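Here the sequence shown stands for residues 469 to 740, where the numbers follow my numbering. Notes follow the structure.
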Amino acid sequence: MSSTRQMDHLERTANNSRQNALYPAQVCGIENESETVKRLRLAVHPDFSFKAGQWVDFFIPGVETVGGFSMCSSPGLLQREGVVELAVKYTKHPPAHWVHTTCTVGSQVAMRVGGDFYFDPSPSDPAVDLLLLAGGVGINPLYSILLHTTDLLHLNQASGGRDYNIGSAHICYSAKNTQELLFKSSIIEACREFPDKFSCDLHVTQQSTDVDPHLQPFLNRGRVTREELRVHVDPQRTLCFLCGPPPMIEALSKTLTDLGLPKDRILFEKWW
């Protein structure tokens, strides 16, 4: 792929499943998730639905290019409050540029759900242990999956464990520095709320400043290692979701298959 032209989201995802319906949405909240990422909160149509891990085609009035952004909220938040959230990294690509320079509370957009990368267990499904591997803004769909798993655990607590068979979830998340580790406080909070279910290893590859003490127990310098993954791979129980830059996906997919994880248990999304 030529570096002089960014492939269009609709071209890149032409072979992915997507819903037929296009729904209106209104921006009802904007906050800075990091110096380079804005989190949008969008009030959506009552019929809007998605599965944890999916993305949206993002249509902006007056902007010809269609965006593609993964949802970083859970289906449960949609059910409770009628909103979804997107975390959008700054680039000059027109949809992301609009989010960072023009979008305001009250802005009207339209969205269509797509993607074959999701976690949507039924109550009758056997438990799986999730391994969630993220690079940079690739955390978005995996954070949605983590939040969905948290919601299912809360349902189980309320019903005395009769609803879902939930295994464990381990997140390996790599970014340049701690500032770019999105949702880090919420991820650590989930691990502390469900210490028997959730764990995380946060990685920084170019950290030059001191690390916040509350992050220190979870932080590693350098990339995710084979030895680290080995601990969390059980060929019979592990289901791995991978999202990040293509070179990272390719390297970690090979490591996982070398460790005995079947290819059909490694689901990935290369987010350019």
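Heads up, the beta-carbon is just placed ideally off N, CA and C, and yes, glycines get one too. This structure is a prediction, so every number in the text was calculated from the model and none was measured.
- When the beta-carbon positions are compared, Phe662 and Tyr611 stay at least 7 Å from each other.
- Per the Cβ contact rule, the segment 643-658 is not in contact with the segment 564-575 (fewer than 3 Cβ pairs under 8 Å).
- When the alpha-carbon of Leu601 is set against those of Glu499, Leu614, Asp584, the nearest one is in Leu614.
- In the structure shown, the three-state DSSP call for Pro492 is strand.
- Counting along the chain, the unbroken alpha helix (DSSP H) around Asp619 starts and ends at 607-627.
- Here DSSP, grouped into helix, strand and coil, assigns Ile656 to helix.
- Across the structure, Ser627 and Leu545 are spaced so that their CA atoms are roughly 19 Å apart.
- For His477, DSSP records no beta bridge to any residue.
- Setting aside the 5 residues that flank it on each side, Ser542 is surrounded in the same chain by Ala520, Ser612, Leu615, His616, Thr618, Asp619, each with a C-beta closer than 8 Å to its C-beta; the list follows chain order.
- By DSSP's assignment, Ser538 forms a beta bridge with Trp523.
- The shortest CA-to-CA distance from Phe585 to any of Gln522, Ile639, Pro529 is the one to Gln522.
- Secondary structure of Leu554 (DSSP, three-state): strand.
- Bounds of the beta strand (DSSP E) holding Arg689 are 687-689.
- Annotated three-state conformation of Lys560 is coil, per DSSP.
- Listed in chain order, the beta strand (DSSP E) elements of length 3 or more contained wholly in the segment 575-611 are 576-582, 597-603.
- Annotation: Leu599 to Lys644 spans about 21 Å, alpha carbon to alpha carbon.
- Three or more Cβ pairs closer than 8 Å define a contact, and the segment 662-673 meets that threshold against the segment 685-703.
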